[in-house]
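J.: Last residue of the sequence shown? That's 978 in the numbering used here, and every number before it is there in order.
From the three backbone atoms N, C-alpha and C, an ideal C-beta is built for every residue, glycine too.
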Amino acid sequence: MNVNTPGACAPNPLLPVITRRLEYLSANIWVPLTSSPYTAPPVGQTIDRVWAGVGSTFTLPVDGVNSIRLVLADETPGGCGNDFALDGISVSECSTGGQLPVVFLKIDARQKGGGVSVEWTTSQEFNSKSFIVERSADGNSNWNMVPSINGAVNSSTVKNYSAYDAQPVKGVNFYRVKQVDIDGNFKYSKTVSLKLNINKTGISVLTNPFHSSFTINFSSSTNQVVSARLVDITGKQVAAEKWSIIPRKE
């Protein structure tokens, strides 16, 4: 954890970069294990001083070892901003095949206006590059990519994610999350389904808050024309538009 909050040592604070080296004892010499050392990303400053969970895997020699040691080092030179705290250090045996890239706790899909919000939670991430939400009308084939969300790379804390599908099909939609590693390997979450009910006009405002533009998603069971007005904080109208809505097909 970076013990400094944003603004400390501005404008260019030095951030701690922790290297972990795991070694085993062989003929009274400490020898680095395969994949050692491992350098974690810089630990950034946060307002509420958030713990940054990081992890890595090392491979033991095939003939086994009797003694190992973990060496931690800060690769950033001393200076303003390079202040950190360590906690919860552990070394454990991985399951066969190595550390799982991501452990999914849950995945859910719920209707939000005329679209679907896909939400999932992870309890662990290792070399996790991104999450890609995919949608299918039958749950078996023709999976279409919806949005892509960046992964946490390395984390040992609970992470919550969500992505919005603005164009689901009418009826049942099946969703799964494809997790992609930094090295290109991937795995899938379990598949969840949701029946989209469009019995009235649904409206969802996307990208809110916004800076210069935003998206409004409409859905309806009948052809109709809708009007929208944009007003500022004082109640003054700054824009007005009309659109024709066409019901989605099965």
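According to the neighbour-count rule (16 or more other Cβ atoms, all chains shown, within 10 Å of its Cβ), is Lys834 buried or exposed?
T.: exposed
J.: Sorted by chain position, which residues of the same chain lie with C-beta nearer than 6 Å to Ser972's C-beta, five sequence neighbours on each side aside?
T.: Val953
J.: Which term fits Tyr752, buried or exposed, when burial requires 16 or more other beta carbons within 10 angstroms of its beta carbon?
T.: With 16 or more other Cβ atoms from the protein chains shown falling within 10 Å of its own Cβ, Tyr752 counts as buried.
J.: Taking one C-beta from the region 798-811 and one from the region 888-899 each time, how about it: are there three or more such pairs within less than 8 Å?
T.: no
J.: Going by C-alpha to C-alpha distance, which of Pro744, Asn870, Arg749 and Asn925 sits closest to Asp802?
T.: Pro744
J.: What residue does the beta strand (DSSP E) around Gly843 start on, and which one ends it?
T.: Per DSSP, Gly843 belongs to the beta strand (DSSP E) from Gly843 to Ser864.
J.: Going by alpha carbons, who is nearest to Lys923 out of Phe832, Arg838, Lys857 and Val799?
T.: Arg838
J.: Helix, strand or coil for Asp811, going by three-state DSSP, please let me know.
T.: Of the three classes helix, strand and coil, the one that applies to Asp811 here is coil, per DSSP.
J.: For Gln952, which three-state DSSP category applies?
T.: strand
J.: Taking DSSP as the reference, what is the three-state secondary structure of Met729?
T.: coil
J.: Which same chain residues, not among the five before or five after Val981, have their C-beta less than 8 Å away from its C-beta?
T.: Given that the chain is displayed from residue 729 to residue 978, the structure contains no residue 981 and the question cannot be resolved.
J.: Considering only C-alpha positions, which residue in the set Glu862, Gly842 and Ile796 is nearest to Ile944?
T.: When each option's Cα is compared against that of Ile944, the closest is Gly842.
J.: My guess is that Arg748 and Ser784 are in contact by the Cβ rule of under 8 Å, so how many angstroms apart are they, rounded?
T.: By a beta-carbon distance limit of 8 Å, Arg748 contacts Ser784. Their separation comes to about 6 Å.
J.: The beta strand (DSSP E) with Gln895 in it runs from where to where?
T.: Unbroken run through Gln895: none, as it is neither H nor E.
J.: According to DSSP, Asn878 sits in a beta bridge with which residue or residues?
T.: Beta-bridge pairing links Asn878 to Ser858.
J.: Determine the extent of the beta strand (DSSP E) in which Leu800 is found, giving its start and end residues.
T.: Ile796 to Asp802
J.: Which one of Arg904, Ile860 and Ser941 has the shortest CA to CA distance from Gly912?
T.: Among Arg904, Ile860 and Ser941, the Cα nearest to that of Gly912 belongs to Ile860.
J.: Among the residues of its own chain, which have a CB less than 6 Å from the CB of Ala897, if the five just before and after it don't count?
T.: For the sequence presented, residue 897 should be read as Val rather than Ala. Correct list, in chain order: Ala865.
J.: Given Ile780, which residues of its chain have a CB within under 6 Å of its CB, disregarding the five upstream and five downstream residues?
T.: The displayed chain sequence assigns Ala, not Ile, to residue 780. Only Val771 meet the Cβ criterion.
J.: What number of angstroms, rounded off, separates the C-alpha of Leu742 from the C-alpha of Val905?
T.: Rounded to the nearest angstrom, the two C-alpha atoms are 36 Å apart.
J.: In terms of alpha-carbon separation, which member of Glu862, Gly806 and Phe942 lies closest to Ser921?
T.: Considering only alpha carbons, the answer is Glu862.
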